[in-house]
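Novice:
There are 2 protein chains.
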Amino acid sequence: MAKPRGRNMPQPLSTNNQPTLEDQFDGPKRRAYDEDCGFVIEENFQRFNACNDVFSRVQWDEGVRSEKGINWFKSMFTHGLGVRNTEGYRAKDFALRNAAWVGSNLLIERNLANGRHDGFLDDLTGYAPPAPVKIEIEDPAEMAAELKQVARIFGADLIGITSTDLRWHYNRRFSAKSRSEKENADCSELPNCIVIGTEMPGKVIQTFPSALAGTAAGFGYSKDGLALMSIAQFIRNMGYRAIASLNDTAQCIPYAIQAGLGEYGRHGLVITKQYGPRLRFGKIFTDMPLAHDQPVKFGVKEFCDICRRCADACPPKAIPHGEPDGALHNQSNFVGIKKWNVDGEKCFKFWANQGTECGICIRVCPYNKLPETKLGKMYFRNWKWLAGTRLRRLALWLDIKLRFGERFKPDWWWKNRPGW
Amino acid sequence: MAKPRGRNMPQPLSTNNQPTLEDQFDGPKRRAYDEDCGFVIEENFQRFNACNDVFSRVQWDEGVRSEKGINWFKSMFTHGLGVRNTEGYRAKDFALRNAAWVGSNLLIERNLANGRHDGFLDDLTGYAPPAPVKIEIEDPAEMAAELKQVARIFGADLIGITSTDLRWHYNRRFSAKSRSEKENADCSELPNCIVIGTEMPGKVIQTFPSALAGTAAGFGYSKDGLALMSIAQFIRNMGYRAIASLNDTAQCIPYAIQAGLGEYGRHGLVITKQYGPRLRFGKIFTDMPLAHDQPVKFGVKEFCDICRRCADACPPKAIPHGEPDGALHNQSNFVGIKKWNVDGEKCFKFWANQGTECGICIRVCPYNKLPETKLGKMYFRNWKWLAGTRLRRLALWLDIKLRFGERFKPDWWWKNRPGW
Chain S
1 MAKPRGRNMP QPLSTNNQPT LEDQFDGPKR RAYDEDCGFV IEENFQRFNA CNDVFSRVQW
61 DEGVRSEKGI NWFKSMFTHG LGVRNTEGYR AKDFALRNAA WVGSNLLIER NLANGRHDGF
121 LDDLTGYAPP APVKIEIEDP AEMAAELKQV ARIFGADLIG ITSTDLRWHY NRRFSAKSRS
181 EKENADCSEL PNCIVIGTEM PGKVIQTFPS ALAGTAAGFG YSKDGLALMS IAQFIRNMGY
241 RAIASLNDTA QCIPYAIQAG LGEYGRHGLV ITKQYGPRLR FGKIFTDMPL AHDQPVKFGV
301 KEFCDICRRC ADACPPKAIP HGEPDGALHN QSNFVGIKKW NVDGEKCFKF WANQGTECGI
361 CIRVCPYNKL PETKLGKMYF RNWKWLAGTR LRRLALWLDI KLRFGERFKP DWWWKNRPGW
Chain D
1001 MAKPRGRNMP QPLSTNNQPT LEDQFDGPKR RAYDEDCGFV IEENFQRFNA CNDVFSRVQW
1061 DEGVRSEKGI NWFKSMFTHG LGVRNTEGYR AKDFALRNAA WVGSNLLIER NLANGRHDGF
1121 LDDLTGYAPP APVKIEIEDP AEMAAELKQV ARIFGADLIG ITSTDLRWHY NRRFSAKSRS
1181 EKENADCSEL PNCIVIGTEM PGKVIQTFPS ALAGTAAGFG YSKDGLALMS IAQFIRNMGY
1241 RAIASLNDTA QCIPYAIQAG LGEYGRHGLV ITKQYGPRLR FGKIFTDMPL AHDQPVKFGV
1301 KEFCDICRRC ADACPPKAIP HGEPDGALHN QSNFVGIKKW NVDGEKCFKF WANQGTECGI
1361 CIRVCPYNKL PETKLGKMYF RNWKWLAGTR LRRLALWLDI KLRFGERFKP DWWWKNRPGW
């Protein structure tokens, strides 16, 4: 693993001085459900230091930091920055993309003065503390079913529940204030993890790459933040503890897989049955007694084995074409899991060059369909079935032949052309 | 009109000392579109003083103020208050209802220290000021179409655009800090009004009266607040001014009618084609050039003339059985419009006695259907057509015979029984 190349990082990162495996997380390195999840954990497994996340590295690592990268951040708040006379990058596209972040920004700004960056570096500060008296829960299975109703009414499209697994928690997190690492939130006494997935608006996703499409990410975070804040407060109102989290605290991807929301895809995203990879995830750690869900398999691994649409379409070639080998491109990769690893540096460099988010891998993924018409719904259902059989090559051929995944013109989205 | 009975109101309310009609709003008393909207404006028309809103009166008017009324407010923040061992009023129902308000509370609390109560007494303080340069808009019709796309992606289910009409703006507003009246937001230079409607979750609505059903109101405000903040910021990012508003600043109902979202119903709510009365409304005043929508008619007035389901079902008999006569029950009524007037005092007293919100009038309204099944969708479409014809009495008879509008058991909602 590459050494941290940061020059303005006040404290050295602890990546090269990891404690022993057993020190890093409570419990065994491998869990009973790892096989069902498709997790292949290796001897050199290490918990991830969130300072090595490429978005944190832009703050401290000269190797990633660039004027364009910084401008990408700035363009969120600076009128006109990044605007050019090209479909999808016009003033209105940026106006929309930046407005989409308002909900998320309001959550971040609640605690910015205290050196926190809620939802991205730090967990979402709760609205109010737990009720002093716990409401007794007789049946964790019934409570889990009720909690799913709660999550749905607050905007979650998918909900799964699993056990808290400290392997997926960052061993340290990044402080934007001190630009150094700090303690992560302590979830060790919160045994259950609720994972929610919210669908991102499909039509704008089809316009990736564009500033317009960045709206899907921004409003996804805003909507997720509202859902997580509300669900967590329900739990607290019932007298239990809850730590709600967007990108902070722990990795969403393994948790979403564990909670049965989907399978791991070549592009490093979770592919769900319902929405393919077109989702954002959030999670809540709690001591509320809740029954757990089981991981699901519907042939994604086998399909991704033969499909390279995302890898082929990725402009900076950040997605691997080969086997899931856990190849380490740089320190932004998670060490010790045999999986398809995306090169975060290449990915972010493309974002910085474009001046906006990219999600071409979501757009071209054959599991990303917009089942908005009856025909589309029926096609998607049957296609998924086919992709899960030995005829998966036929499914892939069909998908390409029917020109799914092609980019929609951003100006068409603005005109709300029918048939979308 | 009754005199204000408040004893602890520091300044006298101006209701008895109204300026002349022409002083109260810019422009003529009647507008060209009044007839299309079904507005019958009378000589004694007066702009409404928001201090006379029943929710404000609880703060200052001893005639409305009661321990139960205050407890209704307090129960939003006090664990256990109002909880009883009855379906729909259990600890979990209140836990959910109160969590639903988190998003809305976060908006309120942004400016509470400055004596503001955003979204309820004061307009929603904007996230960031307008961009210094206005993006030129050549075609207001095209911009209106684009703005509707923006509103939809931010969660609005219905969107209409109309002209700002100061008749619907409060002449004064209530300050929760000083418990006296203060200046309302100045929208006189913002000629266009965007009205958004967001559907409230239908299944919980069917459990009214219950604390559980209050979730629909709370999360409705939270979701609306996020949509309004985001749309308004889009407008500002385009270089234009925007004042976003929930219950504050002006009345939503006449604006929603003017903007073509629906017709006025006997229960004092707007009945829309798509969701009946099961919506929350918000609005944004702006100087962005936008084409306007036209009012719609689909037979609601004629149907409400023969239907009294809401009036019959209202426990405190707050909804009139007779003709739309603009009868003034008390100072919480809007003076000088010939319409069905609800008795806000009776309505709120029932809320206070129940300890939660009530929306039985929404539940029993024949236009409130849950078209979640194919059959339901088809039935609702055909029923609406029938209700708009001379066979409306048959439509009403059918609705009652088929037992629509009956209360669902709150515990059934928690169990997510199929077929809902």
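Protein chains in written order, with my numbering: chain S, 1 to 420; chain D, 1001 to 1420.
C-beta atoms are modelled at their ideal positions from N, C-alpha and C, and glycine is treated no differently.
Bear in mind that the values here come from a model prediction, so they are computed numbers and not experimental data.
If you measure from the beta carbon of S:Met-200 to each beta carbon in chain D, is any gap under 7 Å?
Specialist: Chain D, which has no Cβ nearer than 7 Å to the Cβ of S:Met-200, makes this no.
Novice: Is the CB-CB distance between D:Gly-1262 and D:Thr-1249 below 7 Å?
Specialist: It is not a contact, given that the beta carbons lie outside the stated cut-off.
Novice: Does DSSP put D:Ser-1066 in a helix, a strand or coil?
Specialist: Residue state, collapsed to three classes: coil.
Novice: So, does the CB of D:Gln-1149 fall closer than 7 Å to a CB anywhere in chain S?
Specialist: Judged by the 7 Å Cβ criterion, D:Gln-1149 is in contact with chain S.
Novice: Among D:Ala-1095, D:Glu-1109, D:Ile-1253, which residue has its Cα nearest to the Cα of D:Pro-1295?
Specialist: For the residues D:Ala-1095, D:Glu-1109, D:Ile-1253, the minimum Cα distance to D:Pro-1295 belongs to D:Ile-1253.
Novice: Taking the alpha helix (DSSP H) that D:Arg-1173 belongs to, which residues open and close that run?
Specialist: Note, D:Arg-1173: premise wrong, no alpha helix (DSSP H); beta strand (DSSP E) at 1173-1175.
Novice: Answer with yes or no whether the minimum CB distance from D:Lys-1056 to chain S is below 7 Å.
Specialist: It is Ser, not Lys, that sits at residue 1056 of chain D in the sequence shown. Judged by the 7 Å Cβ criterion, D:Ser-1056 is not in contact with chain S.
Novice: For S:Val-58 and S:Trp-351, I'd like the C-alpha separation in whole angstroms.
Specialist: Going from the Cα of S:Val-58 to the Cα of S:Trp-351 covers about 12 Å.
Novice: Along the chain, where does the alpha helix (DSSP H) containing D:Ile-1306 start, and where does it finish?
Specialist: 1300-1306 is the extent of the alpha helix (DSSP H) around D:Ile-1306.
Novice: Looking at C-beta atoms only, is the number of pairs between the segment 1131-1143 of chain D and the segment 270-286 of chain S that lie closer than 8 Å three or more?
Specialist: As far as the Cβ criterion goes, the segment 1131-1143 of chain D does not touch the segment 270-286 of chain S, which means the pair count is below three.
Novice: Is any non-hydrogen atom of the ligand PLP found closer than 6 Å to the C-beta of D:Arg-1110, if you look at the structure I gave you?
Specialist: The model on display carries no ligand, and the ligand PLP is accordingly not part of it.
Novice: What residue from D:Gly-1239, D:Lys-1401, D:Ile-1257, D:Arg-1309 has the CA that sits closest to D:Ile-1137's CA?
Specialist: Nearest C-alpha to D:Ile-1137: D:Gly-1239.
Novice: Residues in its own chain within less than 6 Å of S:Ala-311 by CB, not counting five upstream and five downstream?
Specialist: Counting only Cβ-Cβ distances below 6 Å, and skipping sequence neighbours, we find Ile-319, His-321.
Novice: Residue range of the alpha helix (DSSP H) that D:Glu-1345 falls in?
Specialist: 1344-1354 is the extent of the alpha helix (DSSP H) around D:Glu-1345.
Novice: Going by CA-CA distance only, name the one from D:Ile-1153, D:Thr-1207, D:Ser-1222 that's closest to S:Leu-212.
Specialist: Nearest of D:Ile-1153, D:Thr-1207, D:Ser-1222 to S:Leu-212, Cα basis: D:Ile-1153.
Novice: In angstroms, rounded to a whole number, what distance separates the CA positions of D:Trp-1397 and D:Val-1335?
Specialist: Approximately 34 Å, taken between the alpha carbons.
Novice: For D:Glu-1183 versus D:Asp-1157, is the C-beta spacing smaller than 7 Å?
Specialist: Not a contact, by the Cβ cut-off of 7 Å.
Novice: Contact criterion: CB-CB distance below 7 Å. Does S:Gly-103 meet it with respect to chain D?
Specialist: Yes, because at least one Cβ of chain D sits closer than 7 Å to the Cβ of S:Gly-103.
Novice: Report buried or exposed for D:Asp-1061, applying the criterion of at least 16 other Cβ atoms within 10 angstroms of its Cβ.
Specialist: Per the 10 Å Cβ criterion, buried.
Novice: Let me see if you follow: with CB-CB separation under 7 Å, is D:Tyr-1033 close to chain S or not?
Specialist: False, the Cβ-Cβ gap to chain S never drops below 7 Å.
Novice: Quick one: grab the DSSP three-state call for S:Thr-198.
Specialist: In this structure, S:Thr-198 counts as strand in the three-state DSSP scheme.
Novice: Helix, strand or coil: which one does DSSP assign to S:Ile-108?
Specialist: In this structure, S:Ile-108 counts as helix in the three-state DSSP scheme.
Novice: Let me make sure I understand the geometry here. Which of S:Val-40, S:Ala-144, S:Asp-93, S:Arg-167 has the alpha-carbon closest to that of D:Asn-1416?
Specialist: The candidate whose alpha carbon is nearest that of D:Asn-1416 is S:Ala-144.
Novice: So D:Val-1204 contacts chain S; which residues on that side make the cut at Cβ distance below 8 Å?
Specialist: By Cβ distance, chain S contributes Ile-153.
Novice: Check distances from the C-beta atoms of the segment 273-289 of chain S to those of chain D and list, in chain order, the residues that come in under 9 Å.
Specialist: Residues: none.
Novice: Can you tell me where the beta strand (DSSP E) holding D:Lys-1297 begins and where it ends?
Specialist: Looking at the DSSP string, D:Lys-1297 is not in any beta strand (DSSP E), and its letter there is neither H nor E.
Novice: Taking C-beta pairs closer than 9 Å, name the residues in chain S that D:Glu-1357 reaches, listed in chain order.
Specialist: The premise fails here: D:Glu-1357 is roughly 15 Å from chain S at the closest Cβ pair, so nothing lies under 9 Å.
Novice: DSSP state of D:Tyr-1221, grouped into three classes?
Specialist: Of the three classes helix, strand and coil, the one that applies to D:Tyr-1221 here is helix, per DSSP.
Novice: Reducing DSSP to helix, strand and coil, say where D:Arg-1280 ends up.
Specialist: In the structure shown, D:Arg-1280 sits in a strand (DSSP, three-state: E or B).
Novice: Rounded to whole angstroms, what's the CA-CA distance from D:Asn-1049 to D:Trp-1168? Just pull it up for me.
Specialist: Their backbone Cα atoms lie some 10 Å apart in a straight line.
Novice: Residue ranges of each beta strand (DSSP E) run of no fewer than 3 residues wholly in the segment 94-175 of chain S, ordered along the chain?
Specialist: If we require 3 residues or more, the beta strand (DSSP E) runs fully inside the segment 94-175 of chain S come out as 158-163, 173-175.
Novice: Take D:Gly-1282 and list the residues in its own chain whose beta-carbon comes closer than 6 Å to its own, dropping the five residues that flank it on each side.
Specialist: Taken in chain order, the residues that qualify are Ile-1196, Asp-1224, Leu-1228, Leu-1246.
Novice: Is the shortest distance between the beta-carbon of S:Trp-351 and the beta-carbons of chain D less than 7 Å?
Specialist: By this cut-off, S:Trp-351 is not an interface position.
Novice: Give the DSSP-derived three-state secondary structure of D:Glu-951 in the structure shown.
Specialist: For chain D, the structure presents residues 1001 to 1420; residue 951 of chain D sits outside this window and is missing.
Novice: Look at D:Asn-1353 and D:Lys-1068 and say whether their C-beta atoms are less than 7 Å apart.
Specialist: Taking 7 Å as the Cβ cut-off, D:Asn-1353 and D:Lys-1068 qualify as a contacting pair.
Novice: Which term fits S:Asn-114, buried or exposed, when burial requires 16 or more other beta carbons within 10 angstroms of its beta carbon?
Specialist: Exposed, by the Cβ-count rule.
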